[in-house]
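J.: Here you go, one structure.
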Amino acid sequence: MERVGRWVASHPRWVIGAIVLLSAACASLLPRIGYSADLGAMIPQGDPVIEALNQTAVDFSNESVLIILYAAEDVFRPEALAQVDRVAQQLATIPGVAGLVTPLNMPLVRASDWGIEIEPAASSVPRTAAEAATFRDRLFSSPQGRQVAAPDGQALALLVAVDPAYQGSSERYQGLIRRIEEVLTQAGEGQWYLAGDGYMGAYAERVIYRDLRVLLPLAALVVFLILLGAFRTPWGILLPLGSVSIAVLWTMGLMAFLGYEFTLVSMLIPIILMAMGSAAGIHVMNRFYEEVGRGLSQREAIELTMTEITRPVVMTALTTAAGFASLLTSYVQPIREFALFSAIGILFAMVVTLTFIPAVLVLRPVPARQQGGSLRSGLWARLVAPVARACARRPLAVVGAGVVVLVVSLVGVPRLEVETNLVSYFRPDSPVVRGTRLAEKFLGGTTPISVVIDTGVPDGVKEPEILRRLAALEADLAAMPEVSQPLSLAGVVAQVHQALNGDDPDAYRIPDSREAVAQELLLFDFAGGVSLDGLVSYDYQKTRLVARIANVGTADLARIIGQIEEAARARFAGTGIEPVVVGTAQVVLRLAEHFTGGQISSMSWAAGTVWAIVAVFLGSPLLALFCLIPLLLTVAVSFGVMGYGGVPLDMVTTMVASLAIGIGVDYSIHLVSRYRQELNRGVAKGEAMARTLAGTGRGVMVNALTLAAGFVVLLVSSLQATAILGWLLALTMVVSSVGALTVLAAVLGLLPEGWVRARWALPGRAVRGGTEGRVRRGGSAWR
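The opening position of the sequence shown corresponds to residue 30 in my numbering, with each subsequent residue numbered one higher.
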């Protein structure tokens, strides 16, 4: 580090020029970054759940379908039906709409002189109450019709099939959604909402884009205001803020260069880095102004600051990066991406801080903010003086208070619950939540689920016994309160058989022979029936039952999926067929399965790595262990608050503990490093802690408040999960900083000086005060 320091001091213009050129290159890459909220991309490819989902897409037609919901007091009034028809006609003209099924054009099977006939539920829009009543009866007589109409007559659904060419392009898909929303906005009376997984993903991408444009500048503004209050000089503001902005730019440029996209999790990277990356710059500027306040010249202050602050800055950057990197053990792909680039961003911030700031300070005369000659003058000194006295005189009482907080917090931890329902990530008043809740209220649910049956032989699905078992399973699912709109090939065959027998209700069943099943399916095809690609494979070896599940919590979802799997196994017992339940609901459950184990793994990895790094830098494994005390308190308080407050452990909040460990240890490192420096200068324990709290303690609190305020910015996010993460991280900053300045300080006061002192002597002679000896020590690294 001494060589780097000398080179920076000797070549400041080269350093600044290189940083500017690299920043310009990164800025040119930013337009490449895209946005993604694909649920299937959240767990690794190769996972059995993803493999089953992908295979289902290959075996069956897997069109992306948007659900449009129309709700009114009576949707079967002729005026309401005419409005539905007008909206449908407008939707059909939008590029990207491959097909549109409405209650009016829903194809129904009926008996005819020629055997069967397939025609729309309404040949024309009903104009009278009597025609509307007839239409309603026809619609509810068919399983397909009941999929798009609420039993109480207060809602209808329109199903929009999206052109596959639009599914692979986020820009085109978003354009399609916007055009549909424009039509619905101008539709007239009643409520019109979009719903379904496709719309949820599109809306999430829109939220990511909006949050980045709003939250990043807001975080920069908050950092600016805090730096203004802390330093009250242009350079005290511009250098830390400029350094972290450069680090954010480099990180985003690297993401763009490597082809990564912003997700619901990785969108937090630039915002969190803006708050966290300023920490090193704050400590550098705080120490610089402190040394100037002692009476040193600018050059001397720079030399001493960089000599004594570099080691803690490097150590805190490595431990913070380790906290982020611990999340690489997560099973969730977006969390791993967040972990990787956040860790890299922290290291970028360290590099820029230790090069850019001193390079500028060497070149430019910086007006110093005068603090007076005493370390303990001013408001901050008056605030920390009682803390220093308590840590020196009553350390056991301070530690005991920390233990009480720890125990109370741990009592709330067992109340934590795991939650992976993506709807809960959005704010309750968002259109995606309102549409989903309305669909659940009237139509039963929006989350698709499938039960895939593989007979193992071509045409095996045409066996009457297989279809009867499938029909029984369809009835089982229809009886489950949280499952709605089950549909299978068995239902289609039963409808055709009924129509061929004069619409006799008793004939709604599966034919007795395989040949009869094949003939009826052929008649259905000749009559112009809708494609069955979504229900059966091309060779009739596989079939699937499709249904929708209400958006419920993870625990309820696991129960429902378990019931479906149990029913499927029971219905096909003895056939050698193993039914497989697939769908986004299974993806959600897979995420939940790994959250708890991943939380323990990432926390353990973070704590172990942080301890090892601190032990190496401090040269004392035992002292490094003491540095973890505030982190234990912080993690316990965070989880305790979540448990008491009913905040679930989800894809976002699962990161809190690892981040608290990686970030919070910074305060312990700076405190211990400064305390050790004072002791090695020969200062008595009480005076050493007083100086540490007055000097470094101020930097710790400014840093903590900066981070907390930066995280509070997340409260204005359009995502409820992000807002919750914001105040949780702000809480961890407050707890970890206060814990370091009180509990850890008291513990250090209890330790013998020999346990705290470095095992190696500092360069130069030890002194109790003054500036001469300290300047001489610092000079060797810079001249």
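Beta carbons are placed, not taken as given, at the ideal position from N, Cα and C, and that holds for glycine.
1) Look up Arg434 in the DSSP assignment and say whether it is helix, strand or coil.
2) Under a Cβ-count criterion, where at least 16 other Cβ atoms within 10 Å of its own Cβ denotes burial, should Leu254 be classed as buried or exposed?
3) Sorted by chain position, which residues of the same chain lie with C-beta nearer than 6 Å to Thr384's C-beta, five sequence neighbours on each side aside?
4) Could you tell me which whole beta strand (DSSP E) segments of length 3 or greater appear in the region 155 to 238?
5) Which class does Gly793 belong to by DSSP, given the choice of helix, strand or coil?
6) Since Leu110 contacts Ala161 with CB under 8 Å, what's their CB separation in whole angstroms?
7) From the DSSP output, in three-state form, read off Gly52 for me.
8) Measure the C-alpha to C-alpha separation of Pro193 and Thr262 and round it to an integer number of angstroms.
9) Secondary structure at Asp585, three-state DSSP: helix, strand or coil?
10) With burial defined as no fewer than 16 other Cβ atoms inside 10 Å of the residue's Cβ, what is the status of Tyr567: buried or exposed?
11) Taking only runs that begin and end inside the region 579 to 639, name each unbroken beta strand (DSSP E) of 3 or more residues, in chain order.
12) Since Val729 and Ile658 should fall inside the 8 Å C-beta cutoff, what is the C-beta to C-beta distance between them, to a whole number of angstroms?
13) I need the straight-line Cα distance from Thr683 to Val361, nearest angstrom please.
14) Between Ala717, Asp695, Tyr696, Val428, which lies nearest to Arg705 when the distance is taken from Cα to Cα?
15) Can you tell me which of the three DSSP states Phe455 falls into?
16) Just list the beta strand (DSSP E) runs in the region 458 to 538, keeping only unbroken ones of 3 residues or longer that don't cross its boundaries, in chain order.
17) Identify the residues that DSSP records as bridge partners of Leu95: which are they?
18) Using the Cα positions of Arg598 and Pro608, report the straight-line distance between them to the nearest angstrom.
19) Considering Pro299, what are the terminal residues of the beta strand (DSSP E) in which it resides?
20) For Gly563, which of helix, strand or coil comes out of DSSP?
21) Taking 7 Å as the limit between beta carbons, can you name the residues of its chain near Ala519, skipping five residues before and five after?
22) Gln628 to Val664, Cα distance in whole Å?
23) Since Thr348 and Gly691 should fall inside the 8 Å C-beta cutoff, what is the C-beta to C-beta distance between them, to a whole number of angstroms?
24) Is it buried or exposed, Arg42, if we count other Cβ atoms within 10 angstroms and call 16 or more buried?
25) Within 10 angstroms of the Cβ of Trp279, are there 16 or more other Cβ atoms? Answer buried if so, exposed if not.
26) In this structure, does DSSP put Arg786 in helix, strand or coil?
27) Determine, using beta-carbon pairs with one atom in the region 470 to 480 and one in the region 532 to 548, whether at least three such pairs fall under 8 Å.
28) Go ahead and pull the three-state DSSP assignment for Pro124.
29) Which residue marks the beginning of the alpha helix (DSSP H) containing Arg365, and which one marks its end?
30) If you draw a straight line from the alpha carbon of Pro299 to that of His623, how long is it in whole angstroms?
31) Going residue by residue through the region 681 to 711, where are the continuous beta strand (DSSP E) segments of at least 3 residues, counting only ones entirely within it?
32) Suppose you measure from the CA of Met305 to the CA of Ile753; what does that come to, to the nearest Å?
33) Curious, which full-length beta strand (DSSP E) runs of at least 3 residues does the region 326 to 360 contain?
34) Nearest to Leu187 by alpha carbon, out of Ser57, Thr122, Phe377, Asn134?
35) Can you look up Val130 in the DSSP assignment and give me helix, strand or coil?
36) Are the beta-carbon atoms belonging to Glu294 and Val685 less than 8 Å from one another?
T.: So, from the listed chains and residues:
1) In the sequence as displayed, the identity of residue 434 is Val instead of Arg. Reduced to three states, the DSSP call for Val434 is helix.
2) exposed
3) Within the same chain, and ignoring the five residues on either side of Thr384 in sequence, the residues whose Cβ sits closer than 6 Å to its Cβ are Val37, Val44.
4) You should have 184 to 191, 220 to 224.
5) Low confidence applies here, because Gly793 scores a pLDDT of 38, under 50, leaving its location unreliable and the question unanswered by this model.
6) 6 Å
7) Looking at the sequence shown, residue 52 is not Gly but Ser. DSSP places Ser52 in helix when its eight states are reduced to three.
8) 57 Å
9) Per DSSP, reduced to three states, the secondary structure at Asp585 is helical.
10) exposed
11) Counting only runs of at least 3 residues, the region 579 to 639 fully encloses the following beta strand (DSSP E) elements, listed from N- to C-terminal order: 609 to 611.
12) About 15 Å separates the two Cβ atoms, so there is no contact after all.
13) 11 Å
14) Ala717
15) strand
16) 476 to 483, 512 to 516
17) Val189
18) Spanning the alpha carbons of Arg598 and Pro608 requires a straight line of approximately 6 Å.
19) Taken as a continuous stretch (DSSP letters only), Pro299 belongs to no beta strand (DSSP E), being part of the alpha helix (DSSP H) at 297 to 305.
20) coil
21) Leu496, Leu499, Ala500, Glu503, Ile539
22) 12 Å
23) 6 Å
24) exposed
25) buried
26) Here Arg786 sits in coil by DSSP.
27) no
28) coil
29) 362 to 392
30) Spanning the two alpha carbons is a distance of roughly 26 Å.
31) Runs of the beta strand (DSSP E) inside the region 681 to 711: none found.
32) Distance from the CA atom of Met305 to the CA atom of Ile753, rounded to whole angstroms, is 18 Å.
33) Considered as a whole, the region 326 to 360 harbours no complete run of any beta strand (DSSP E) with no fewer than 3 residues.
34) Asn134
35) strand
36) Reading off the sequence, residue 294 comes out as Val, not Glu. It is not a contact, given that the beta carbons lie outside the stated cut-off.
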